[in-house]
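Below is one structure; the comments refer to it alone.
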């Protein structure tokens with residue numbers, strides 16, 4: 002294993018959605034949910050971009066499988082929140098523990114994407130409660146927000162990155178590797194198909210690539226579960242974060258992709 006700061010918690014961007022996929026896979030395995038279960042877009046689960054379903058009218062229906070695919074492939078935030086609503090916040094927090102997160106308290110309360118937008122860029126009083134309130138007060142705030150559908154006109158995603166202020170999802174590179182392994186241990190063809198829809202970078206060396214990355218203000222991340230022709234699995238995780246709103250430019254994204262491509266290729270060559 003080659004690692005640098007692999008045990009240091011860092012902001013995740015949309016990689017946090019792997020934990021939601023794990024909670025969904027758990028629910029399917031126990032029979033509490035089915036990949037064909039129908040979910041409905043509503044004001045209570047509508048979020049902001051990225052994605053497509055934020056533009057769908059109330060009453061639009063998708064299956065759990067379709068929502069999970071959108072969540073992973075195009076990082077659809079509304080699909081994400083629909084899945085959190087379907088399994089329940091507690092189930093996602095349980096999945097964080099199950100996956101072996103080194104400090105699950107960093108992920109509690111587990112916020113939805115809509116709640117993050119409302120806390121970070123909505124009423125400043127929400128951010129104050131989140132930063133100085135007890136965990137019970139944070140959960141009470143989330144219950145309050147459940148009854149306050151998001152208004153895009155009231156949310157301006159700008160300014161300084163939120164993650165230094167405690168409004169994010171946090172895990173180490175080793176934690177991310179662990180949740181990838183936990184997902185593969187389900188041995189569920191649907192899970193593997195969902196994770197393989199978007200490889201993140203162009204590559205053809207590996208027989209299977211399961212990917213989830215993410216970005217937000219000051220955050221850029223990528224994670225890959227890789228399998229060779231013998232079925233041997235490897236995980237590559239790259240995390241970058243800065244408190245400077247302008248610190249991750251378009252050029253930084255290009256260099257990040259180049260770094261990721263090189264890391265995947267070098268990993269392949271090192272295992273031959």
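Numbering (the working numbering), first residue to last: 2 to 273. Ideal placement from N, C-alpha and C gives every residue a C-beta, glycine not left out.
Nearest in C-alpha terms to residue 119, of all of 158, 24, 184, 81, is 158. Of the candidates 161, 122, 115, 167, the residue whose Cα lies closest to the Cα of residue 148 is 115. At a Cβ-Cβ threshold of 7 Å, residue 187 and residue 28 do not count as neighbours. Non-local beta-carbon contacts of residue 254 in its own chain, meaning distances under 8 Å to residues more than five positions away in sequence, involve 216, 221 in chain order.
With respect to the 7 Å criterion, residue 21 and residue 107 are not classified as neighbours on the basis of their beta carbons. Under a 10 Å Cβ-count criterion, residue 133 is classified as exposed, with fewer than 16 other Cβ atoms of the shown protein chains found around its own Cβ.
Only buried fits residue 175, as 16 or more other CB atoms lie within 10 angstroms of its CB. In this structure, residue 183 keeps its C-beta atom at 7 Å or more from the C-beta atom of residue 88. In the displayed model, residue 66 falls within a helix according to three-state DSSP. Close CB contacts of residue 82 within its chain, under the 8 Å cut and outside five residues either way in sequence, are with 46, 47, 48, 113, 114, 115 (chain order). Inclusion of residue 54 and residue 39 in the CB contact set at 7 Å is not warranted, their separation being larger than that value. Residue 225 carries a strand assignment under DSSP once its states are collapsed to helix, strand and coil. Nearest C-alpha to residue 247 among 238, 192, 161, 205: 161.
For residue 258, the enclosing alpha helix (DSSP H) covers residues 251-271. By the criterion of a C-beta distance shorter than 6 Å, residue 8 is surrounded in its chain by 173, 175, once the five residues flanking it on both sides are discounted.
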